[in-house]
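Trainee:
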Amino acid sequence: MFEVYWGPRGASVAEGDLVFVDLLRLSTTLVVMFAQGVEEVFVASTPEEALRIQRERGSDWLFGERGGMRIKGFNFGNSPTEVLSVDLRGSRAVITTSNGTPTLLALRRPAVIGALVNASAVVSFLSGARRPAFVLAGDRGSPCEEDLAAAEYLFARASGREVDYDSVAGRILSSRHARELMEMGMVEDVQFALSLDLFPHLPYYDPETRSVRPGPPS
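Heads up: the sequence shown is residues 31 to 248, going by this note's numbering.
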């Protein structure tokens with residue numbers, strides 16, 4: 031079995047070979063950003079900090095949401111399908127989200143970014159891990175069904191067990207957060223987050239630089 035740490039409080043004490051999952055939507059969006067060629071993504075706790083980091087680091091793009099919606103004045107929100115149409119090659123970005131970035135920022139150890147769109151890359155990482163553990167963003171630090179379902183699926187594959195993916199997808203679609211996003215008109219984002227093995231990328235969060243970088247960590 032694997033260890034699970036929930037939210038910022040769990041992230042602050044997380045040990046092992048860590049996989050961060052915020053399936054809907056931060057981890058999915060981050061994987062797509064690296065697939066689109068971004069070189070580094072700085073993580074901010076607030077919109078104000080994101081603007082400061084952009085000025086100080088000379089970052090090209092601002093990504094961020096509050097309450098699921100793009101922050102006013104930012105280039106993009108936290109939509110993985112939106113990023114699919116953007117050429118990010120050679121650029122750096124800053125991101126802040128309601129739920130996922132506080133958990134990333136609480137990490138004291140590196141963590142790879144896990145989603146279903148890069149499932150095989152995550153499975154390969156887990157297969158070589160001595161002490162696999164998941165840091166799940168959850169819902170403001172509390173457990174949530176979609177992140178746990180994704181983690182259980184990824185670990186089962188890494189363990190060589192057969193998995194009924196339709197059942198996993200059903201759990202995710204019936205989760206409260208998935209329903210909320212779909213009610214807000216973000217059906218495409220939810221459906222996209224359920225896609226398997228679209229990208230080989232495995233970025234990771236580096237707590238020393240407070241940024242997500244191409245990975246996995248050495």
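Where is the CB? At the ideal position from N, CA and C, for every residue including glycine.
1) Which residue spans inside the segment 53-122 form an unbroken alpha helix (DSSP H) run of at least 4?
2) Just the C-alpha distance for A167 and Q66, rounded to the nearest angstrom, thanks.
3) Among G107, F164, G200, L146, which one has its Cα closest to the Cα of Y33?
4) Less than 8 Å between the beta carbons of M212 and G98, yes or no?
5) Bridge partners of F164, per DSSP?
6) Quick one: grab the DSSP three-state call for T126.
7) Could you please give the first and the last residue of the uninterrupted beta strand (DSSP E) stretch that includes R243?
8) Which of the three DSSP states, helix, strand or coil, is assigned to A141?
9) With DSSP collapsed to three states, give me the class of S205.
10) Which residue from S241, G171, S42, L81 puts its Cα closest to that of A143?
11) Around the C-beta of S205, are 16 or more other C-beta atoms found within 10 angstroms, so that it is buried, or is it exposed?
12) Are three or more beta carbon pairs between the segment 149-159 and the segment 44-58 nearer than 8 Å?
13) Which of helix, strand or coil does DSSP assign to D219?
14) Between the Cα of S150 and the Cα atoms of F64, A141, R187, which residue gives the shortest distance?
15) According to DSSP, simplified to helix, strand and coil, what is D196?
16) If I measure Cβ to Cβ from L54 and keep anything under 7 Å in the same chain, skipping five residues before and after, which residues do I get?
17) Should D117 go down as buried or exposed, given a rule of 16 or more other Cβ atoms within 10 Å for buried?
18) Bridge partners of D227, per DSSP?
Mentor: Reading it off the structure:
1) DSSP runs (the alpha helix (DSSP H)) wholly in the segment 53-122: 56-65, 77-87, 110-113.
2) 24 Å
3) The displayed chain sequence assigns Glu, not Tyr, to residue 33. Cα-wise, what sits closest to E33 is F164.
4) No, the pair does not count as a contact, with Cβ atoms beyond the cut-off.
5) V34, V49
6) strand
7) 241-243
8) strand
9) For S205, the three-state secondary structure derived from DSSP is coil.
10) According to the sequence as given, residue 143 is Ile; it is not Ala. For I143, the closest C-alpha among the options S241, G171, S42, L81 is that of S241.
11) So S205 ends up on the buried side.
12) yes
13) helix
14) R187
15) It is helical.
16) E176, H207, A208, L211, V220, A223
17) D117 should be labelled exposed.
18) According to DSSP, which records beta bridges pairwise, D227 is partnered with nothing at all.
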